[in-house]
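*Asks:* Line by line, the protein sequences give chains A and B. According to this note's numbering, the first sequence is numbered sequentially starting from 1. According to this note's numbering, the second sequence is numbered sequentially starting from 1.
Number of protein chains: 2
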Amino acid sequence: MTYASDNLVIVGLGLIGGSLARALRASGFSQRFIGYGYREASLLRGVELGVIDEFTLDLDEAMERADIVVVCTPTLTTAQMLEKILPLLRARTGGPVVTDVASVKGNVRNAAIEIAGVMPPQLVLGHPIAGSERSGVNASDGDLFVNHQVILTPDVENDPAAVELVRAMWRSAGADVVDMTVEEHDAVLASTSHLPHVLAYTLVDALASADNSEDIFRCAAGGFRDFTRIASSDPAMWRDIAVANKSALLDSIDVFSDHLARLRKAVQDENTDELFNTFERAKQTRDEFTTLLAQRIQSKPS
Amino acid sequence: MTYASDNLVIVGLGLIGGSLARALRASGFSQRFIGYGYREASLLRGVELGVIDEFTLDLDEAMERADIVVVCTPTLTTAQMLEKILPLLRARTGGPVVTDVASVKGNVRNAAIEIAGVMPPQLVLGHPIAGSERSGVNASDGDLFVNHQVILTPDVENDPAAVELVRAMWRSAGADVVDMTVEEHDAVLASTSHLPHVLAYTLVDALASADNSEDIFRCAAGGFRDFTRIASSDPAMWRDIAVANKSALLDSIDVFSDHLARLRKAVQDENTDELFNTFERAKQTRDEFTTLLAQRIQSKPS
Chain A
1 MTYASDNLVI VGLGLIGGSL ARALRASGFS QRFIGYGYRE ASLLRGVELG VIDEFTLDLD
61 EAMERADIVV VCTPTLTTAQ MLEKILPLLR ARTGGPVVTD VASVKGNVRN AAIEIAGVMP
121 PQLVLGHPIA GSERSGVNAS DGDLFVNHQV ILTPDVENDP AAVELVRAMW RSAGADVVDM
181 TVEEHDAVLA STSHLPHVLA YTLVDALASA DNSEDIFRCA AGGFRDFTRI ASSDPAMWRD
241 IAVANKSALL DSIDVFSDHL ARLRKAVQDE NTDELFNTFE RAKQTRDEFT TLLAQRIQSK
301 PS
Chain B
1 MTYASDNLVI VGLGLIGGSL ARALRASGFS QRFIGYGYRE ASLLRGVELG VIDEFTLDLD
61 EAMERADIVV VCTPTLTTAQ MLEKILPLLR ARTGGPVVTD VASVKGNVRN AAIEIAGVMP
121 PQLVLGHPIA GSERSGVNAS DGDLFVNHQV ILTPDVENDP AAVELVRAMW RSAGADVVDM
181 TVEEHDAVLA STSHLPHVLA YTLVDALASA DNSEDIFRCA AGGFRDFTRI ASSDPAMWRD
241 IAVANKSALL DSIDVFSDHL ARLRKAVQDE NTDELFNTFE RAKQTRDEFT TLLAQRIQSK
301 PS
């Protein structure tokens with residue numbers, strides 16, 4: 001059997017890294033999977049589960065052996081990890097291709113350029129739009145990326161072969177790969193993910209501090225529970241994302257606030273036409289989106 | 001067998017009215033169920049399904065025979081229906097008790113006082129916090145109110161016996177009954193339901209009008225779908241609710257906007273402590289709420 005990769009190194013073996021290793025082992029993309037990280041317990045567990053073949057606590061060794069390095073650490077830690085990895089990236093042909101999975105791309109690109117002087121040709125940034133309420137290697141799932149989008153943000157400095165290898169890797173894991181600029185990615189994620197989290201957190205916090213908060217939470221039901229589900233997400237992770245994607249998030253908060261102010265005025269003026277038209281437009285958009293989402297999921301072979 | 005009611009009239013036989021009739025027939029609360037409304041097809045279907053025993057298109061007849069009248073029409077229509085019903089309400093002992101299910105109570109109370117001069121002693125306003133994405137008598141479900149809250153807003157003018165009859169009716173349908181003032185009810189519902197709908201509609205509409213809306217909806221996934229589910233609700237119904245509960249809704253939009261502006265400033269200033277503390281507080285509140293909601297559902301016998 002020919003593999004696209006001999007030794008694929010997962011840096012940070014949690015839900016995402018573990019699920020990727022499982023998927024790529026099943027698809028035959030890489031011959032061996034090597035874990036690297038600080039938490040030996042996770043790495044031992046990864047070997048026990050058969051997610052990785054072996055692990056090392058020595059980054060030099062991992063980089064020496066790897067032909068692909070996937071940095072699967074949390075958003076803000078990714079830049080810190082690149083400070084250690086990039087100096088070990090030799091600019092030779094055949095050196096490892098490095099990619100990441102962080103939710104924000106601008107800060108990772110800026111960190112890479114600050115560390116290396118230019119965007120390293122072998123560093124291809126990416127972001128799988130997939131996750132789970134569970135975390136850790138125990139929750140890893142080889143089907144996590146099937147039917148999911150992975151956004152790559154190739155840079156003009158990138159080696160095209162490196163970009164194609166990362167694209168092939170995600171396709172091999174069952175994902176749809178989409179290319180965007182870093183700015184497009186960060187704006188899209190601000191709109192679809194970071195802003196909704198901010199809105200959900202803000203709503204729950206506002207209601208919790210209201211005089212009638214006891215009555216509010218006593219009478220809230222299933223619809224409220226669903227709407228605020230994302231407010232149960234990890235506060236440290238979302239603090240980091242909010243800061244990492246500050247500029248795009250501020251823009252999307254401002255756009256939202258403008259629209260909310262407009263709708264507030266329609267309520268104030270009892271402008272029933274504008275209320276109906278806004279709600280109707282939103283309903284149509286949302287219904288079309290869910291139809292497309294369902295088709296996307298059904299049309300993909302798993 | 002002794003019944004609390006001989007003839008219970010459902011005005012507007014849809015999901016709520018049909019489900020109430022089913023529940024009260026199963027619990028033996030009323031001997032007979034009579035439907036009244038404009039749409040004969042729904043009423044015929046109600047008889048066919050065994051939800052009601054008979055129906056009439058003559059409101060005089062319905063009012064003459066009823067000992068309880070439950071107005072189950074949509075929010076804004078409730079006030080219009082009371083214009084027809086209240087003049088037929090004779091102030092004699094033994095005249096029917098009238099109640100409703102509208103999502104907003106202030107406008108219904110104001111309409112009743114305008115029609116009748118004072119709040120009629122036999123008119124007890126209420127609101128079951130229950131619903132379904134489905135509608136119509138075909139979707140009616142005798143368990144719809146089990147484990148759900150019903151808020152009654154008794155008035156000082158109300159006959160205490162009328163209030164107790166309505167309370168007994170909802171308890172007989174399996175609901176928890178909570179009393180509030182009209183103002184408390186409308187503020188709580190603005191916070192837990194009307195504001196979230198406005199936020200979801202506003203978010204989807206704002207994103208739909210963005211330059212990058214195609215990328216946005218292509219990359220949005222399951223979390224976004226869940227967060228915006230309520231933006232697929234009926235636009236006409238929510239236009240009516242927004243106008244009916246204008247004052248409380250404007251207040252809750254303002255409280256939300258203040259909190260959002262504060263969080264925006266924390267992002268702008270990269271105030272990581274405030275971001276973390278806000279997200280953490282919201283997560284704790286939301287986690288406690290879902291635990292309580294789950295307990296409430298589990299602890300109730302059905």
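By construction, the Cβ of each residue, glycine as well, lies at the ideal position given by its N, Cα and C atoms.
Could you list the residues in the segment 221-232 of chain B with a C-beta less than 7 Å from some C-beta on chain A, going in chain order?
*Replies:* Flagged, chain order: Ala221, Gly223, Phe224, Arg225, Asp226, Phe227, Thr228, Arg229, Ile230, Ala231, Ser232.
*Asks:* When the Cα atoms are used, what is the spatial distance from Leu293 of chain B to Leu123 of chain A?
*Replies:* Position 293 of the second sequence, counting from 1, holds the residue named residue 293 of chain B. Position 123 of the first sequence, counting from 1, holds the residue named residue 123 of chain A. Rounded to whole angstroms, Leu293 of chain B to Leu123 of chain A spans 47 Å at the Cα level.
*Asks:* Alpha carbon to alpha carbon, what distance is there between Leu89 of chain A and Ile216 of chain A?
*Replies:* For the purposes of this step, residue 216 of chain A is identified with residue 216 of the first sequence, where counting begins at 1. For the purposes of this step, residue 89 of chain A is identified with residue 89 of the first sequence, where counting begins at 1. Going by the C-alpha atoms only, they are around 55 Å apart.
*Asks:* Spatial neighbours of Ala79 of chain A within its chain, please: C-beta separation below 7 Å, excluding the five flanking residues on both sides.
*Replies:* Position 79 of the first sequence holds residue 79 of chain A. So the qualifying residues of the chain are Asn107, Val108, Ala111.
*Asks:* Measure the C-alpha to C-alpha separation of Val104 of chain B and Ile16 of chain B and round it to an integer number of angstroms.
*Replies:* By 1-based counting over the second sequence, the position of residue 104 of chain B is 104. By 1-based counting over the second sequence, the position of residue 16 of chain B is 16. Distance between the alpha carbons of Val104 of chain B and Ile16 of chain B is about 15 Å.
*Asks:* Is there a Cβ of chain B sitting closer than 8 Å to that of Gln80 of chain A, yes or no?
*Replies:* Reading the first sequence from its first residue, position 80 is the one you call residue 80 of chain A. Not closer than 8 Å to any Cβ of chain B, the Cβ of Gln80 of chain A fails to qualify, so no.
*Asks:* Can you give the Cα-Cα distance for Leu260 of chain A and Asp226 of chain B, rounded to whole angstroms?
*Replies:* As a first step, residue 260 of chain A must be located in the first sequence, where it is residue number 260. As a first step, residue 226 of chain B must be located in the second sequence, where it is residue number 226. Roughly 20 Å between the two C-alpha positions.
*Asks:* Ser135 of chain B touches chain A at which residues, Cβ-Cβ below 9 Å?
*Replies:* In the second sequence, counting from the first residue as 1, residue 135 of chain B sits at position 135. Those within 9 Å of Ser135 of chain B in chain A number zero; the least Cβ separation is about 15 Å.
*Asks:* State the DSSP-derived secondary structure class of Arg39 of chain B, mapped to helix, strand or coil.
*Replies:* Walking along the second sequence from the start, residue 39 of chain B turns up at place 39. Three-state result, Arg39 of chain B: coil.
*Asks:* By DSSP, does Phe55 of chain B sit in helix, in strand, or in coil?
*Replies:* Here residue 55 of chain B is taken as the residue at index 55 of the second sequence, counted from 1. Three-state DSSP puts Phe55 of chain B in a strand.
*Asks:* Can you tell which of B:Val150, B:Gly12, B:Arg286, B:Leu195 has the C-alpha that lies nearest to the C-alpha of Gly35 of chain B?
*Replies:* For the purposes of this step, residue 35 of chain B is taken as the residue at position 35 of the second sequence. Gly35 of chain B has its Cα closest to that of B:Gly12, out of B:Val150, B:Gly12, B:Arg286, B:Leu195.
*Asks:* Could one say the Cβ of Ser103 of chain B lies closer than 8 Å to chain E's Cβ atoms, at least one of them?
*Replies:* Of the protein chains in the structure, A and B, none is chain E.
*Asks:* Per DSSP, which residues does His185 of chain B bridge with? Please list them.
*Replies:* For the purposes of this step, residue 185 of chain B is identified with residue 185 of the second sequence, where counting begins at 1. Partner(s): none; His185 of chain B has no beta bridge.
*Asks:* Do we get a CB-CB distance below 8 Å when we pair Thr75 of chain B with the residues of chain A?
*Replies:* Along the second sequence, one-based indexing puts residue 75 of chain B at 75. Closer than 8 Å: no.
*Asks:* What are the residues in the segment 234-257 of chain A lying within 7 Å of chain B by C-beta distance?
*Replies:* The segment 234-257 of chain A vs chain B, Cβ under 7 Å: Pro235, Ala236, Trp238, Arg239, Ala242, Val243, Lys246, Leu249, Leu250, Ile253, Val255, Phe256, Ser257.
*Asks:* Shortest alpha-carbon distance to Ile241 of chain A belongs to which of A:Val101, A:Asp60, A:Glu48?
*Replies:* As a working note, residue 241 of chain A is residue 241 in the first sequence. Cα-wise, what sits closest to Ile241 of chain A is A:Val101.
*Asks:* Could you give the C-beta distance for Ile305 of chain B and Arg264 of chain A, rounded to a whole number, given that I count them as a contact under 8 Å?
*Replies:* An answer regarding residue 305 of chain B cannot be provided, because it is not within the stretch 1 to 302 covered by chain B.
*Asks:* Identify the contact partners of Gln268 of chain A in chain B, using a Cβ-Cβ distance below 8 Å as the criterion.
*Replies:* In the first sequence, the residue the question calls residue 268 of chain A occupies position 268. Under the 8 Å cutoff, chain B gives Lys246, Leu250.
*Asks:* Buried or exposed: which applies to Gly136 of chain B, given that a residue is buried once 16 or more other Cβ atoms fall within 10 Å of its Cβ?
*Replies:* Here the question's residue 136 of chain B lines up with position 136 in the second sequence. Counting Cβ neighbours within 10 Å, Gly136 of chain B comes out exposed, since fewer than 16 surround it.
*Asks:* Relative to the C-alpha of Leu59 of chain A, which candidate in A:Lys84, A:Gly223, A:Leu43 has its C-alpha closest?
*Replies:* Mapped onto the first sequence, residue 59 of chain A falls at position 59. Closest by alpha carbon: A:Lys84.
*Asks:* Distance, Cα to Cα, Glu214 of chain B vs Glu184 of chain A?
*Replies:* As a first step, residue 214 of chain B is located in the second sequence; it is residue number 214 there, counting from the start. As a first step, residue 184 of chain A is located in the first sequence; it is residue number 184 there, counting from the start. If I take the Cα positions, the gap works out to 11 Å.
*Asks:* Would you decide whether Asp258 of chain A is buried or exposed? Buried here means 16 or more other CB atoms lie within 10 Å of its CB.
*Replies:* Here residue 258 of chain A refers to the residue found at position 258 when the first sequence is read from its first residue. So Asp258 of chain A ends up on the exposed side.
*Asks:* By the 7 Å beta-carbon criterion, what residues does the segment 12-42 of chain B contribute toward chain A?
*Replies:* Result list empty, no residue passes.
*Asks:* Say whether chain B places a C-beta atom closer than 8 Å to the C-beta of Ser191 of chain A.
*Replies:* By 1-based counting over the first sequence, the position of residue 191 of chain A is 191. Chain B, which has a Cβ nearer than 8 Å to the Cβ of Ser191 of chain A, makes this yes.
*Asks:* In the DSSP output, what is Asp179 of chain A paired with across the bridge?
*Replies:* Numbered from 1 along the first sequence, position 179 holds the residue referred to as residue 179 of chain A. According to DSSP, which records beta bridges pairwise, Asp179 of chain A is partnered with A:Leu152.
*Asks:* In terms of alpha-carbon separation, which member of B:Thr99, B:Arg45, B:Thr77, B:Asn7 lies closest to Met237 of chain B?
*Replies:* As a position in the second sequence, residue 237 of chain B is number 237, starting the count at 1. Taking only the C-alpha atoms, the option nearest Met237 of chain B is B:Thr77.
*Asks:* For the alpha helix (DSSP H) that Val243 of chain B lies in, which residues bound it at each end?
*Replies:* As a working note, residue 243 of chain B is residue 243 in the second sequence. Segment 235-244, the alpha helix (DSSP H) holding Val243 of chain B.
*Asks:* Which chain A residues sit within Cβ distance under 7 Å of Leu293 of chain B?
*Replies:* Here the question's residue 293 of chain B lines up with position 293 in the second sequence. Those within 7 Å of Leu293 of chain B in chain A are Arg225.
*Asks:* List, in order along the chain, the chain A residues whose C-beta lies closer than 7 Å to that of Arg264 of chain B?
*Replies:* Start at 1 with the first residue of the second sequence, and residue 264 of chain B comes out as number 264. Chain A residues near Arg264 of chain B: Leu250, Ile253.
*Asks:* Are any of the Cβ atoms in chain A nearer than 8 Å to that of Asn107 of chain B?
*Replies:* Against the second sequence, residue 107 of chain B aligns to sequence position 107. Chain A, which has no Cβ nearer than 8 Å to the Cβ of Asn107 of chain B, makes this no.
*Asks:* Let me make sure I understand the geometry here. Which of A:Leu203, A:Ala231, A:Asp143 has the alpha-carbon closest to that of Gly174 of chain A?
*Replies:* In the first sequence, the residue the question calls residue 174 of chain A occupies position 174. If we check each option's Cα against that of Gly174 of chain A, A:Asp143 comes out closest.
*Asks:* Find out if the Cβ-Cβ distance for the pair Leu86 of chain B, Ile52 of chain B is shorter than 8 Å.
*Replies:* To locate residue 86 of chain B, count along the second sequence from 1; it is residue 86. To locate residue 52 of chain B, count along the second sequence from 1; it is residue 52. No, these two residues do not count as a Cβ contact at 8 Å.
*Asks:* With a threshold of 8 Å on Cβ separation, who are the neighbours of Ala187 of chain B within its own chain once the five nearest residues in sequence on each side are excluded?
*Replies:* Walking along the second sequence from the start, residue 187 of chain B turns up at place 187. These residues qualify, in order along the chain: Ala248, Asp251, Ser252.
*Asks:* Is DSSP giving Asn7 of chain B helix, strand or coil here?
*Replies:* Here residue 7 of chain B refers to the residue found at position 7 of the second sequence. Correct three-state label for Asn7 of chain B: strand.
*Asks:* Which residue's Cα is closest to the Cα of Val156 of chain B: B:Met119, B:Leu82, B:Ala66?
*Replies:* The sequence position of residue 156 of chain B within the second sequence is 156, counting from 1. Considering only alpha carbons, the answer is B:Met119.
*Asks:* Is Asp215 of chain A helix, strand or coil when you go by DSSP?
*Replies:* Start at 1 with the first residue of the first sequence, and residue 215 of chain A comes out as number 215. Here Asp215 of chain A sits in helix by DSSP.
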